[in-house]
Amino acid sequence: MYRTDYHTHTLRCGHAGGMARDYVEAALGLGLDEIAVTDHIPLYFLPGDDPLPEFAMAASELPQYVAEVRDLKRQYRGRIDVLIGIEADYVERHEEELRSILEAYEWDVVLGSVHWVAGDWIDSPGAERRHQTEGSEFLWGEYFRLLSKACASGLFDVMTHFDLAKKFGNRCPAACELAEDRAVSSAAESGVAIEVSSAGLRKKVGEIYPGPALLAKLVKRGVDVVFSSDAHAPAEVGWGEDQIRSAAQKAGARRHLSFRSRRSLSHGL
Ligand SMILES: [Zn+2]
Ligand SMILES: [Zn+2]
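For the sequence shown, my numbering assigns the number 534 to the last residue and increments by one with no breaks.
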């Protein structure tokens, strides 16, 4: 069994604990074959070097981050594969800025996330209220519209938490099913992979991302999966590994992917 964790953060983002090395050590302790360090990309779509220190590292910190992970990759070679990754926000009309940041480094894997919806975060602590003030139908519709564009952008290897708007328990309303289907089609047609993430199990919603029905839809359309914890502490590395693996199997997946230099390799489930 080939064991991976494709989504982990570090204290650089301002809302996680532990250095990249602590996450690698945790993964090594669990016996994982590889770990991708994928901290949040600097908030390139907001003004200033460090617009929100509790959400992401400063723009000026990115070169050090990449160098740090590259060093770990070298130091741990032969014991565990450490991948140089990033979790990159998709923000409409800022695609070219993101493209130029991504092109400046040699990534193993680039995760694509829609956190910024209609001018604000969809998943920050205050975002639960938005479902009352702006309405779930609007937020979910916008979320999936942006996710469809993100899938088609060609910027990303893996789309994260495909139904993130459910984080606080606000489920996708029936009126947004068409928008959801469009996002599924966009993922299938673009050839991007998705993560099966245990993070939702630790949130109010108490369910993996994506939920079982949506995961089955994606797998049926031929979308490949990677496994992830979205760890924000070293102790969360590999968290929920058995649940996400069995959820992928139940959804009909026969394989999961790993990445090197942004090229995928597949492993049996
Ligand atoms: Zn985070
Ligand atoms: Zn993350």
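Note that beta-carbon positions come from the ideal geometry of N, C-alpha and C, so glycine has one too. The model shown is predicted, which means the values in this text are computed figures rather than measured ones.
If you look at Arg339, you'll find it in the alpha helix (DSSP H) that goes Leu327 to Tyr341.
Leaving aside the five residues that flank Ala301 on each side, the residues in its chain whose CB is nearer than 6 Å to its CB run, in chain order, Tyr271, Leu348, Gly350 and Val374. Judged by beta-carbon spacing, Leu295 lies within the 8 Å limit of Val502, meaning their Cβ atoms are closer than that value. By the criterion of a C-beta distance shorter than 8 Å, Ala513 is surrounded in its chain by Val461, Leu480, Val484, Val490, Phe492, His521 and Leu534, once the five residues flanking it on both sides are discounted. The beta carbon of Gly419 sits closer than 8 Å to the beta carbons of Ser455 from its chain, once the five residues preceding and following it are set aside; these are given in chain order.
The segment 385 to 396 and the segment 354 to 372 do not touch, with fewer than three beta-carbon pairs separated by less than 8 Å. With fewer than 16 neighbouring CB atoms inside 10 Å of its own CB, Ser511 falls in the exposed class. Counting other Cβ atoms within 10 Å of its Cβ, Glu319 stays below 16 and is therefore classed as exposed. The set of residues with a C-beta under 7 Å from any non-hydrogen atom of ligand 1 comprises His274, Cys278, His280, Ala281, His305 and His497, given in chain order. In this structure, Tyr408 lies away from Gly377, with their beta-carbon atoms at least 8 Å apart. Between His280 and His532, the CB-CB gap reaches or exceeds 8 Å.
Taking non-hydrogen atoms of ligand 2 into account, the C-beta of His272 is found less than 7 Å away from one of them. Segment contact: the segment 352 to 366 against the segment 401 to 416, three or more CB-CB distances shorter than 8 Å; contact assigned. Going by DSSP, Asp388 is part of no alpha helix (DSSP H) at all; its letter is neither H nor E. In the displayed model, His396 falls within a helix according to three-state DSSP.
Look at which beta carbons fall closer than 5 Å to any heavy atom of ligand 2; those residues are Glu352 and Asp495. The beta carbons of Thr273 and Asp298 sit about 15 Å from each other, so the pair does not count as a contact at 8 Å. Around the Cβ of Ser325, a 10 Å sphere holds fewer than 16 other Cβ atoms; the residue is exposed. Contact between Tyr288 and Pro499 holds, since their C-beta atoms are separated by about 5 Å, short of 8 Å.
In the DSSP assignment, no residue is bridged to Trp372.
When the Cα atoms are used, Leu311 and Asp385 turn out to be separated by approximately 11 Å.
Residue range Glu442 to Ser455 is occupied by the alpha helix (DSSP H) that includes Glu454. Judged by their CB atoms, Phe421 and Val457 are nearer to each other than the 8 Å cut-off. Inclusion of Ala417 and Ser451 in the CB contact set at 8 Å is warranted, their separation being smaller than that value.
When the beta-carbon positions are compared, Ile345 and Ala285 stay at least 8 Å from each other.
Rounded to the nearest angstrom, the Cβ distance from Phe427 to Pro390 is 22 Å, too far for a contact under 8 Å. Taking the Cα positions, Gly406 is about 6 Å away from Ala444.
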